[in-house]
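Enquirer:
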Amino acid sequence: MYVYIYLHAHVQRHGYQLVILPSLFSTISQRSKICMSISMSFVTEKMEIKKLELSSQRTLFSPGHGNLEIHARCKSVNVKQLTALQALRAYKPAVLWSVMVCMCAVMEGYDTILIPNFYAFPAFAAKYGTYDEKTGTNQLTAQWQVALGNAAGIGALFGIMANGILVSWFGHKKVLLASLLVLTFLNTITFVAQNTLVLFLGELLCGLPWGIIATIAPAYSSEVLPLPLRTYLTSYTNICFIIGQIFAAGSLDGFLSVKGSWSYRGAFALQWVWIVFIFPVLLFMPESPWRLVRLGKIGEAEDILARLQSKGHRDNIKETLAMIIRTNSDEEQLLKGIHYRDCFRGTERRRTEIACMAAAGQMLAGLIFAYSATYFYQQIHLSTSNIYRLNLGGSILSLFSALVSWFFITPYVGRRKIYLSGMSAISVILFLIGFLGIDGSNKVVPILQATLIFLWISIFQISAGQLGWAIPAEVGSTRLRQKTICLSRGFFHIINLLGKIVEPYFMNPTQLNLKGFTAFFWGGTSLLTAIWIYLRLPETKDRSFEELNNLFARNVPTRKFTSFNIESYQDSGEKPE
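Residues 5 to 581 (the numbering used here) make up the sequence shown, in order.
If you want it as structure tokens, here you go:
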């Protein structure tokens, strides 16, 4: 048995590249598909490959694995030249599994608008609310609106933090399947709740698995997909949320005519249907190859990479594996550990800030105000039937806008430009809604405000709605990606919690009753977020994980991320000013 070594010298300005490819083959023809050119020699398997020092290159070493490719200067696999369609053909299985994992988030999206929109639901208000003589209707008190609105978010916050640890221990697959099983049982509590306290506890407990599911999806997608598809599938979680919101809006409109408790209990029961559909499929999902490499399971990682690529497109598996190993090795040198505290050390502090603010930007853009619009519509005296039709229409518009972003904007425009333009426009829209509220007696004003909310929804889904998921999934280092995403979603839920505390007091007729003036508050937060984007959000479009590591390690200024040439600075040894 022999170890066959290929040496490939590639002349560049800075010298030569050396590629060592140990493998158990006895003939040259069996390796002829790999593009190598210079020296070939047979040595025995027991030969130990000692450290090789190249001038102007880093030290190479063999980790002792007979089927591993170690590159002296390992570049990312050349997938940048692939179009999205070509990458889709080559990575069909990876796309399928990413889609299925993200689809788990549908039911969280379903619940995010279910409870807030139940506030204006007659049967729900009659069951859990109290009669208000001032309005002549049943109303949940502002205190219970705050409690119910935040219950799932509080639970999700704990689930998110636990997920960063659980995935490190057990992997994406086991944690995801366990979360779906737990959610199946916990949903029973909300279904049978006879009072607001039990309903609150049910929502709180359901939030635990929801938080886990929502943070697994983007991390898994970013690790199994090539660069041309990364933004599509990491932001696909957002589309799954929208699909869930469409289901919720449709069920609310459909159950509106049902008498008694089944008008809202039926909406809770629909959550079981989705779990029954998706759980059997996920039993066969592959684990992330990045996690397997971090565990030292190189052979298993190579097998998974083969599963994730289409037949006839598996020529570059070893190169992909080498890129993963190299990126992981570089991060091991940069990072002292893989704990939550390491997300706030060194260059990771900046990456964590970007991830957290990109995610929180969704809430700071006025998400609670616009996506709880049924209660706002009720306070400006639109009819109940029209309220829920507008709600359904808004959800459909969300999906349409997200798809427009997918196909016509995101592939061609940078993340930074999209987010900055979108947040600036959102701020203007919210201020307009607030100013329209000054003339509250004009019957045209509610129609104009509803129209502006629809415009807000469209711009939000083109910008913050998509990028609030995509940016945290790609900006964190690969070894800390799961924890970075968890921190970003945790920060999102903290802002969400604070927003859901103040929003009922702004809107409730028994409290401040600000109606459209509430938009001034969210207009201010969105304006401040736009300023942060301009100052701190770098451009990550078309950058591989290894390139992002280099950019952050060199402390490249925010506005130079797009134009910074990593290769030229590696050659010169200069640092960006």
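We put the CB at the ideal spot given by N, CA and C, even for glycine.
#1: Kindly indicate which three-state DSSP category Asp136 falls into: helix, strand or coil?
#2: List the DSSP bridge partners of Gln90.
#3: In terms of DSSP beta bridges, what is Gln4 paired with?
#4: Any idea what DSSP makes of Ala124, helix, strand or coil?
#5: Tyr95 and Leu260 - do their beta-carbons sit closer together than 9 Å?
#6: Kindly provide the ranges of any alpha helix (DSSP H) runs that are 4 or more residues long and lie completely inside the region 519–543, ordered along the chain.
#7: Smallest Cα separation from Leu456: which of Gly469, Ser445, Ser467 and Gly441?
#8: With a 10 Å radius around its C-beta and 16 neighbouring C-beta atoms as the bar for buried, classify Arg335 as buried or exposed.
#9: Identify whether Leu260 lies in helix, strand or coil by the three-state DSSP scheme.
#10: Output needed for Ser586: all residues of its chain with C-beta closer than 6 Å, excluding positions within five of it in sequence on either side, in chain order.
#11: Does Glu137 pass the burial test, meaning 16 or more other C-beta atoms within 10 Å, or should it be called exposed?
#12: Let me confirm a value: Arg345 is counted as buried when at least 16 other C-beta atoms fall within 10 Å, else exposed. Which label applies?
#13: How would you write the range of the alpha helix (DSSP H) that Lys178 sits in, first residue to last?
#14: When every heavy atom of the ligand ATP is checked, does at least one fall within less than 8 Å of the C-beta of Val110?
#15: Just to check my reading of the structure: Arg485 and Ala305 have Cβ atoms closer than 8 Å, yes? What is that Cβ distance to the nearest angstrom?
#16: Taking only the alpha-carbon atoms, compute the straight-line gap between Met111 and Asn569 and give it to the nearest angstrom.
#17: Mapping the DSSP letters down to three states, classify Glu291 as helix, strand or coil.
#18: Could you compute how far the alpha carbon of Glu73 sits from the alpha carbon of Asn320?
#19: With distances taken from CA atoms, which of Tyr123, Ala474 and Gly113 is nearest Leu371?
#20: Do you know how far the Cα of Phe521 is from the Cα of Ala182?
#21: Return yes when the Cβ of Ser431 is within less than 9 Å of the Cβ of Ser467, no when it is not.
#22: Taking C-beta to C-beta, are Gln154 and Ile505 nearer than 9 Å?
#23: If you reduce the DSSP assignment to three classes, tell me which class Leu386 lands in.
#24: Between which two residues does the alpha helix (DSSP H) holding Tyr268 run?
#25: Which ranges would you report for the alpha helix (DSSP H) in the region 309–349 if only whole runs of at least 4 residues count?
#26: For the alpha helix (DSSP H) containing Thr482, list its first residue and its last residue.
#27: Suppose the cutoff is 7 Å on Cβ atoms and the five residues either side in sequence are ignored; what does the same chain contact list for Leu309 look like?
#28: Which of helix, strand or coil does DSSP assign to Leu28?
#29: Between which residues of its own chain and Asn553 is the CB-CB distance below 8 Å, once the five residues before and five after are set aside?
#30: Does DSSP put Ser613 in a helix, a strand or coil?
#31: In chain order, what residues of the same chain have a beta carbon less than 6 Å from the beta carbon of Leu180, not counting five sequence neighbours either side?
#32: Using the C-alpha atoms, what's the distance from Ile413 back to Met427?
#33: Whole-angstrom Cβ separation of Ser530 and Leu434, contact assumed at under 8 Å?
#34: Going by DSSP in three states, Asn517 sits in which element: helix, strand or coil?
Expert: Taking the structure as given:
#1: strand
#2: Its beta-bridge partners do not exist; DSSP assigns none.
#3: For residue 4 there is no data in the structure shown, the boundaries of the chain being 5 and 581.
#4: coil
#5: no
#6: 522–540
#7: Gly441
#8: With the sequence shown as reference, residue 335 is identified as Glu, and Arg is not the correct amino acid for it. Flag for Glu335 reads buried.
#9: coil
#10: With the chain covering only 5 through 581, there is no way to say anything about residue 586.
#11: exposed
#12: exposed
#13: His176 to Val196
#14: Summarising the ligand content, the structure contains no ligands, and the ligand ATP is consequently not present.
#15: About 16 Å; that fails the 8 Å criterion.
#16: 43 Å
#17: coil
#18: Low local confidence applies: a pLDDT of 40 at Glu73 is under 50, so the model's placement there is unreliable, and no value is given.
#19: Gly113
#20: 44 Å
#21: no
#22: As written in the sequence, residue 154 is Asn, which differs from the Gln given in the question. Yes. Within cutoff.
#23: coil
#24: Trp266 to Leu286
#25: 321–338
#26: Per DSSP, Thr482 belongs to no alpha helix (DSSP H) and is neither H nor E.
#27: Pro293, Ile321, Thr324 and Leu325
#28: Confidence in Leu28 is poor, its pLDDT being 34 and thus under 50, which makes the residue's placement unreliable; the coordinate value appears in the next sentence. Strand at Leu28.
#29: Thr331, Asp334, Glu335, Leu338 and Ser481
#30: It is not possible to answer for residue 613, since the shown part of the chain is limited to 5 through 581.
#31: Ile220
#32: 15 Å
#33: 6 Å
#34: coil
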